[in-house]
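Engineer:
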Amino acid sequence: MELLRRAINREPRKILYEKFIASVIYHDLFNYPMTSEELIKWIAGRKIINLRTNSTNVIFNNGLYFLQGRDENVLRRRLNENSSGKKFLLARKSALILGLIPAVRMVAVTGSLSMNNARTESDIDLMIITRKGTLWTTRLIAYFILLLAKIKVRKAKKKSDEKDRLCLNIWMDESNLKLSEPSRNIYTAHELAQTRPIISKDFMYEKLISANRWITDYWPNAVKISHQPSAISHQKKFILSYIPQVIESFARILQIWYMRKKITREIITPTRAFFHPFDWGELILNKLKTTS
């Protein structure tokens, strides 16, 4: 509560109140009640959809803020925090293994696990950033190494009883970190801002956030932008860090051919591979519109 009182003194109360309420409304879509610290971190920015905050009642109980009538989310959050702790151990183990690949520049936890809000049946979502020109070859190597390590990876057609499986659903080449205008919205901004890096070589996480400064239009306190990236350390050049273009092209063609019957709305380019068969962003935006 003290943190909120300090924040209130920095901005007109009505505007600040609306920003806080908008944040509670957004996070309620994910059944996520918030602490005072989280409410300040995730205060809504100027591009947040104009939500109907005047008629919204927020309750404070057990150290958490949530919408009236959503008391069950307090217990749900505690349960999800417990399951998230177990999943994060597997995520860390997997990231450290993937980090052994020289061409891997960053491995980060995304999705509900990055917010400590993963259900027991949830996947373990990871984002991988690779060295320039090596994405598809690195992806092949990564799956092979995980197979050798006997770490379960989610298949395209997920079975209902599968849990604690890795979902390597975001692949990015370090030369193409900036999301284009059509992809920028309240949902993608939050997903990027909540990313939790486990492996980050040569300040790759800072570069990712710096390349996507637009995040602060939606969530101004959620990330710290490095205006002048820190000096990059000069590492030894491993042969796997620089994949010949012909091998990279072959690896991409081979994987696209393998996935040809499973591809729906995925984004697949030489420098991007986003595997999201369901558009959660569109669903969230539509839900927010009903509250505006």
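At position 122 of the sequence shown (counting the first as 1) the number is 122 in the UniProt record's numbering, and the numbers step up by one without a gap.
For glycine and all other residues, C-beta sits at the position ideal for the given N, C-alpha and C.
What is the DSSP secondary structure of histidine 234, reduced to helix, strand or coil?
Structural biologist: Its pLDDT being 46, under 50, histidine 234 is placed unreliably in this model, and the value from its coordinates should be taken loosely. In this structure, histidine 234 counts as coil in the three-state DSSP scheme.
Engineer: Pick out the complete beta strand (DSSP E) segments inside the stretch 29-68, 3 residues or longer, and give them in chain order.
Structural biologist: Qualifying beta strand (DSSP E) stretches, in chain order: 58-61, 64-67.
Engineer: Just curious, the beta strand (DSSP E) that threonine 269 is in, first and last residue?
Structural biologist: Here the beta strand (DSSP E) through threonine 269 covers 267-269.
Engineer: Beta-carbon separation of isoleucine 199 and leucine 96 under 8 Å?
Structural biologist: Contact flag set, yes.
Engineer: Per the contact definition of three or more C-beta pairs closer than 8 Å, is the stretch 210-224 in contact with the stretch 175-192?
Structural biologist: The stretch 175-192, when compared against the stretch 210-224, does touch it at the 8 Å Cβ threshold.
Engineer: Could you say which of Ile21, Glu282, Ile48 lies nearest to glutamate 38 if we only look at CA atoms?
Structural biologist: If we check each option's Cα against that of glutamate 38, Ile21 comes out closest.
Engineer: Quick one: what's phenylalanine 274 bridged to in DSSP?
Structural biologist: Answer is Ile170, Ile267, bridged to phenylalanine 274.
Engineer: Between isoleucine 43 and leucine 90, how many whole angstroms is the CB-CB distance? I'm expecting something under 8 Å.
Structural biologist: That pair is no contact at about 32 Å.
Engineer: Name the one or two DSSP bridge partners that methionine 106 has.
Structural biologist: DSSP output for methionine 106 lists Ile129, Ser200 as bridge partner(s).
Engineer: Ends of the alpha helix (DSSP H) at valine 74?
Structural biologist: 72-98 is the span of the alpha helix (DSSP H), which, as asked, contains valine 74.
Engineer: Can you look up isoleucine 151 in the DSSP assignment and give me helix, strand or coil?
Structural biologist: If DSSP states are grouped into helix, strand and coil, isoleucine 151 belongs with coil.
Engineer: Quick one, are the C-beta atoms of aspartate 28 and arginine 77 less than 8 Å apart?
Structural biologist: No. Outside cutoff.
Engineer: For a quick check, are the C-beta atoms of arginine 105 and threonine 137 less than 8 Å apart?
Structural biologist: No. Outside cutoff.
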